[in-house]
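Have a look at the structure below before the remarks.
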Amino acid sequence: MKKRLFAPAAVAALSLLTTAPTASAAVTAPTGATTVKAAAAGCGGELIKARENIKIRKSPRDNATALRLMYKNTTGCWHKGLTGGRYTKCGGKNWNGWGYITYRGTKGYVPNACVIPAK
5 MKKRLFAPAA
15 VAALSLLTTA
25 PTASAAVTAP
35 TGATTVKAAA
45 AGCGGELIKA
55 RENIKIRKSP
65 RDNATALRLM
75 YKNTTGCWHK
85 GLTGGRYTKC
95 GGKNWNGWGY
105 ITYRGTKGYV
115 PNACVIPAK
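Just so you know, we're using the numbering used here here: the sequence shown kicks off at 5 and counts up by one.
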């Protein structure tokens, strides 16, 4: 009985292998540059990347309420630069340059020294 069931099962498996559609190389993933350009166009500003974990603040001061944490190497959208309270974060030495950004739906301020342009 086992021999009778094995032969039809083997034939069915082989026929599936020979008629199964193959993956096409026509579909390609976008390159990193295209992805960054597309994301920048959608954010309404310039894409930035966090140099380290930084707090997004309610106003451009180091002691302002923290709204959210922007994680190292993640991207956000830079809207404008402005001056604010002085800070020494991320290697800044008594700097006062801040950026108004959007990160995962949260809008707020981060020290300029803590972000770099995304490539």
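In this text, a Cβ means the ideal position worked out from N, Cα and C, and glycines have one as well.
Let me know if residue i comes out buried or exposed under the rule of 16 or more other beta-carbons within 10 Å of its beta-carbon.
| i | result |
| --- | --- |
| R61 | buried |
| N57 | exposed |
| C118 | buried |
| I120 | exposed |
| N67 | exposed |
| L18 | Note that L18 scores a pLDDT of 47, beneath 50, so its modelled location is shaky; the value from the coordinates is reported in the next line. By the neighbour-count rule (16 or more Cβ atoms within 10 Å), L18 is not buried but exposed. |
DSSP three-state call for residue i: helix, strand or coil?
| i | result |
| --- | --- |
| A54 | strand |
| N116 | helix |
| G103 | strand |
Is residue j closer than 8 Å to residue i when the C-beta atoms are compared?
| i | j | result |
| --- | --- | --- |
| W99 | R108 | no |
| C94 | R55 | yes |
Contact criterion: CB-CB distance below 8 Å. Does residue i meet it with respect to chain C?
| i | result |
| --- | --- |
| L86 | The structure shown has no chain C; it contains just one protein chain. |
Could you check the C-alpha separation between residue i and residue j for me, to the nearest Å?
| i | j | result |
| --- | --- | --- |
| V114 | I105 | 7 Å |
| G88 | K111 | 16 Å |
Within the present structure, is the beta-carbon of residue i separated from the nearest heavy atom of the ligand PLP by less than 7 Å?
| i | result |
| --- | --- |
| E50 | Because no ligand of any kind appears in the structure shown, any question about the ligand PLP cannot be addressed here. |
Tell me which residue opens and which closes the beta strand (DSSP E) that residue i is part of.
| i | result |
| --- | --- |
| K62 | Where K62 is concerned, there is no enclosing beta strand (DSSP E), given that its DSSP letter is neither H nor E. |
| A154 | For residue 154 there is no data in the structure shown, the boundaries of the chain being 5 and 123. |
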